[in-house]
């Protein structure tokens, strides 16, 4: 499959499609540039195994290193708390999506709207539709997915990559942003 | 009557037209409300009130419009199409088309039932859905149309109205009609409302004509599952939703004393409805069981009617050498029409495989043809095995080159390549596990470049599970009795029964049907009233607890706290909405007749009901949900539900949205964000359960009721999310609302949030319902 094919074959993107994160520096630059970034993490983060860790462990490392607030969707809050990490909020995926689409939303902390939303661990088709909503109705917001599959509706997405490459990329991002 | 020209002694008459509608004595004394037979815009203001609170969050499933030759048009972001349409309007337009398809299906189904029942039983055949136990026999027809139907013939007028409205609604979706997304959404609600009425027409007609259970609490327990079939007998499979052909099969079996000799099995709503006709019928499973049951090779003849029948069922039937009989004009499958041929000639052609199947549009022939065919075909077919054997699985799996196309085509992103890899090494555990979560679409097979029969392999690996698939489901009971409504109306409206949760719809589940059963059991244990219908009702029965019992064996079938009430098939959904409406009528003594807005306002503010369509997939499911929305009843769908393109979401952080009138004083008072959403997708079962408990809260809850509801919400949140919800303070109006067992932690939160006590209003969104307007100085 090509790098920029939607992971689910039939979920072809529209005329506006995500740019590829071809190397960790691309994602790092986006995150560094953002004034108000946020992470939205779905329940699969606690299920997806990445060698000796799970996706959620990388998310916690990233959030801890950068101070980026985490919204835990579904029952992911339980998995975060089990790892002694407290998410900034627990909200359903469509609820946080709806708020992110609102340019007047002051954010979880009341300090203003977010300018970069990063997603990981949501079921593919749910993330696909959610990102479509934001692509179409949140011009004030950039979106990026940290999953290892291509999401055409994000602004930035990894291509379809192996777990090994995914780990290398995430480790680099976490390391570089922590410096 | 038309008279062109008539010369009489008293003068000449030219072009006289005289039409006589229904000349009928009016016996119903209830005064007519303001909106009988509402048009497309009659209830627009009510819809706008709801849509102001629950603004659509559009999630386009496609960025383009390709409905006219000026397109395709790219509507991404702020762009407009060649016709001027915007993305929000296009999304809501697509929702309207979807819901119109669903409503058309129910209306068409209802019309066909009423026509065939009228022909067989006469238009004067009385409507009877529960004798004296159900005086309000058609709450939705009364509410929407303002008439009280008494006979099958009375339903014609209702259907005329529904067909008219549907035509108008579909016209709205033409290029250059509606341009506002809000108006499209209002029309979606209208389509949902007429869909509910259509379902009621269909079900009360078939209950009355075929003697289905009439609101009985304890209907028979029906055998369920592939393992329940006696494969030594000839087996007939019926698939679809329109029950008359299946009824004819039962009648023929009884007439020829073959009931014990032939197995009658069914899938989807036809199976639910035929099990309401005879408890001897066996239900195989929801529609996702079609392919697996056919591929098992067990059915000897397949009879399809309409709706949700796989389009490739004829091809699949041919693979197992099972003749197929199509019985409905809407689903002819390319088969030759043999309606007027002699039954024995038709049977001979199918038994000899001269033809793969036939179309028979006269229901009275279906029973004879299906039975004779099954009996003659069965001895030839029983030797055939169709699932790959375990020893074959390993060899087939080795063909897999790990290209992952199967996984990329699976709606649930199932790890098929990994399972294939293991199977190639002789480990079939992963394949077998997949059986429980597979939705039975077989897209994986379509995608596989190696032509590996992946779905059949899953079935082959799970053969032991298939044999053990033996469950019990309570037959659909139809309506809710008036006496039940009297008994639970108060506790529901006051909040002391924490909610009515209805599990409805299709089986496009993210992790198998077991999750539906688990949710049903969870809420029944918590003393909610749990209703089920359609494929969700079947899925709810396909799970046993440690004692080997299904939800239907564990809980009573009565409409009471802790009851699990299977109302029946898809069209029986009308009884769930009808129960909510009947609470307003029977318990609160509000007039139903043509009084939609007031009743919806009552239901919205007082009846803590939630619909759950965990595997919602079809256009009918969209229509069913839309009908609930207009009544103010929220609907939760599974993660695939976002593909319906938009949610209707409230914002609990926007205080200004949650003000309502206090009907006692006319004051506008802050209530709570209750219910918070009108249409919302949950990502997981755990999230759905928390959401359901929360969405059952209503502004009218008494403190006792609110405390009970909060207990469930907080407890489920803590159990599933690991913490106390951060919005509890929004739902506590007075200290008496706080559950005693959770007092310390909730009071701590109230203090942190600087919570202030507030009044509990007599809530209404309608200024005209204010009893005493506040005098302003």
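Chains as they are written, first to last, in our numbering: chain A, 7 to 185; chain B, 958 to 1734.
Where is the CB? At the ideal position from N, CA and C, for every residue including glycine.
Bear in mind the structure is a predicted one, so any value in this text is a computation, not a measurement.
Exercise. For the region 141-155 of chain A, which residues have a beta carbon sitting closer than 8 Å to at least one beta carbon of chain B?
Worked result: 141, 142, 143, 145
Exercise. Is the region 1412-1425 of chain B in contact with the region 1483-1497 of chain B, if contact means three or more CB pairs nearer than 8 Å?
Worked result: no
For this session: Check the Cβ-Cβ distances between residue 8 (chain A) and every residue of chain B, and say whether any is below 8 Å.
Result: no
Problem set entry | Sequence-distant residues of the same chain with beta carbon closer than 8 Å to residue 990 (chain B), five excluded per side | 1103, 1548, 1549, 1550, 1551, 1552, 1553, 1555
Exercise. Name the chain A residues that come within less than 8 Å of residue 1600 (chain B), Cβ to Cβ?
Worked result: 131, 135
Problem set entry | Contacting positions in the region 53-85 of chain A - beta carbon closer than 9 Å to chain B | 78, 79, 80, 81, 82, 83, 84, 85
Problem set entry | Positions along the region 998-1029 of chain B whose CB lies within less than 9 Å of some CB in chain A | 1012, 1014, 1015, 1016, 1017, 1018, 1019, 1020, 1021
Exercise. Which residues mark the beginning and the end of the beta strand (DSSP E) in which residue 44 (chain A) is found?
Worked result: 43-47
Exercise. Once you ignore the five residues that flank residue 978 (chain B) on each side, which residues in its own chain have a CB closer than 8 Å to its CB?
Worked result: Its pLDDT being 49, under 50, residue 978 (chain B) is placed unreliably in this model, and the value from its coordinates should be taken loosely. Nothing listed; no residue qualifies.
Problem set entry | Nearest candidate by alpha-carbon position, reference residue 1254 (chain B), set B:1228, B:1183, B:1262 | B:1183
Exercise. What are the uninterrupted segments assigned as beta strand (DSSP E) that are 3 or more residues long and contained completely in the region 1573-1618 of chain B, given in chain order?
Worked result: 1592-1594, 1603-1606
Problem set entry | Start-end ranges of the alpha helix (DSSP H) lying completely within the region 1279-1350 of chain B, minimum 4 residues | 1300-1308, 1320-1338
Problem set entry | Exposed unless 16 or more other CB atoms sit within 10 angstroms - verdict on residue 12 (chain A) | buried
Exercise. Going along the chain, which residues of its own chain have a beta-carbon closer than 8 Å to the beta-carbon of residue 118 (chain A), five neighbours each way excluded?
Worked result: 42, 112
For this session: Tell me, please, which residues DSSP counts as bridged to residue 1003 (chain B).
Result: Under DSSP, residue 1003 (chain B) takes part in no beta bridge, so it has no partner.
Exercise. Roughly how many angstroms lie between the CA atoms of residue 1149 (chain B) and residue 1534 (chain B), to the nearest whole one?
Worked result: 12 Å
Exercise. Quick check: the region 1464-1474 of chain B against the region 1229-1245 of chain B, are there 3 or more CB pairs under 8 Å?
Worked result: yes
Problem set entry | Within chain A, the residues that residue 1274 (chain B) reaches when beta carbons sit closer than 9 Å | In chain order: nothing, as chain A lies at least about 26 Å away.
Exercise. Who are the neighbours of residue 1672 (chain B) on chain A, taking C-beta pairs under 9 Å?
Worked result: Listed along chain A, no residue sits closer than 9 Å to residue 1672 (chain B) by beta-carbon distance, the nearest being about 14 Å off.
For this session: Counting only runs of 3+ residues fully inside the region 78-151 of chain A, write out the beta strand (DSSP E) ranges in chain order.
Result: 122-126, 148-151
Problem set entry | Contact with chain A by residue 917 (chain B), beta-carbon distance below 8 Å | This structure leaves residue 917 (chain B) out entirely; chain B is present only between 958 and 1734.
For this session: Would you please verify whether the beta carbon of residue 109 (chain A) is less than 8 Å from any beta carbon of chain B?
Result: no
For this session: Report yes or no: do the region 1581-1589 of chain B and the region 1691-1707 of chain B share at least 3 C-beta pairs separated by less than 8 Å?
Result: no
Exercise. Would residue 1378 (chain B) pass as a contact of residue 1359 (chain B) if the rule is Cβ separation under 8 Å?
Worked result: yes
Problem set entry | Complete runs of the beta strand (DSSP E) confined to the region 1623-1671 of chain B [at least 3 residues] | 1625-1627, 1634-1638
Problem set entry | residue 1453 (chain B) - DSSP class collapsed to helix/strand/coil | Looking at residue 1453 (chain B) - three-state DSSP - the assignment turns out to be coil, as it is neither helix nor strand.
For this session: Determine the direct distance from the alpha carbon of residue 1393 (chain B) to that of residue 1348 (chain B), and round the result to whole angstroms.
Result: The straight-line gap from Cα to Cα measures roughly 22 Å.
For this session: Less than 8 Å between the CB atoms is what I'm expecting for residue 1004 (chain B) and residue 1143 (chain B), so what's the real figure, rounded?
Result: 4 Å
Exercise. Got a sec? Which residues, its chain only, sit under 6 Å from residue 1195 (chain B) by beta carbon, not counting five neighbours each side?
Worked result: 1203, 1223, 1227, 1260
For this session: Indicate the three-state DSSP secondary structure (helix, strand or coil) for residue 1425 (chain B) in the structure shown.
Result: coil
Problem set entry | Top-ranked residue by Cα proximity to residue 1470 (chain B), from B:1571, B:1690, B:1114 | B:1571
Exercise. Is it right to say residue 1701 (chain B) is buried, meaning 16 or more other beta carbons lie within 10 angstroms of its own, or is it exposed?
Worked result: exposed
Exercise. How is the alpha helix (DSSP H) around residue 1129 (chain B) delimited, first residue to last?
Worked result: 1112-1129
Problem set entry | residue 1732 (chain B) versus residue 1629 (chain B) - alpha carbon distance | Residue confidence is low: residue 1732 (chain B) scores 48 on pLDDT, short of 50, so the model does not pin down where it sits. Its coordinate-derived value is still stated next. The alpha-carbon atoms of residue 1732 (chain B) and residue 1629 (chain B) are separated by roughly 26 Å.
For this session: Give me the Cα-Cα distance between residue 24 (chain A) and residue 124 (chain A), rounded to the nearest whole angstrom.
Result: Rounded to whole angstroms, the separation of the alpha carbons of residue 124 (chain A) and residue 24 (chain A) is 13 Å.
For this session: Look at the Cβ atom of residue 1590 (chain B), then the Cβ atom of residue 1568 (chain B), and state whether they are nearer than 8 Å.
Result: yes
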